[in-house]
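Heads up, the sequence shown is in this note's numbering, so the first residue is 7 and it goes up one at a time.
Backbone N, C-alpha and C fix where the C-beta goes; we use that ideal spot for every residue, glycine too.
These numbers come from a predicted model, not from an experiment.
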Amino acid sequence: MHIQGIKTENNSHGEVKYLRIDLDMYGDDEFLEDFLDNLAVKNRKDEKSIPFEDVIKAENKRRGLVNV
């Protein structure tokens with residue numbers, strides 16, 4: 007595969023293992039940003055979630071705000 011600004015690195019079996027992406031060429035690309043966001047979501051899928059209301063209450067308490 008040859009795409010300008012993207013290089014592949016293969017493992018010992020000849021399978022593509024890594025992509026090297028020239029961020030000067032593709033760093034502002036919306037597709038790349040969405041792809042990286044999706045990876046971040048997948049990496050955090052098993053983390054405990056906190057209800058938004060609890061986050062707001064804790065932040066208000068930390069700031070010394072009451073009855074907000």
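Using alpha carbons as the reference points, say which of the options lies closest to residue i.
i, options, result
"His8", "His19, Ser18, Asn17, Arg26", "Arg26"
Report all residues from its chain with a CB closer than 8 Å to the CB of residue i; omit the five preceding and five following residues, and keep chain order.
i, result
"Lys13", "Leu25, Arg26"
"Asn17", "Lys23"
"Tyr32", "Gly11, Ile12, Leu38"
For residue i, which residues does DSSP report across the bridge?
i, result
"Val72", "Bridge partners of Val72: none, in fact."
"Tyr24", "Glu15"
Using a threshold of 7 Å, is the CB atom of residue i nearer than that to any non-hydrogen atom of the ligand SAH?
i, result
"Asp35", "This structure does not include the ligand SAH; it has no bound ligands of any sort."
Runs of alpha helix (DSSP H) wholly within the region 36-66 (minimum 4 residues, chain order): Whole alpha helix (DSSP H) segments, 4+ residues: 36-49.
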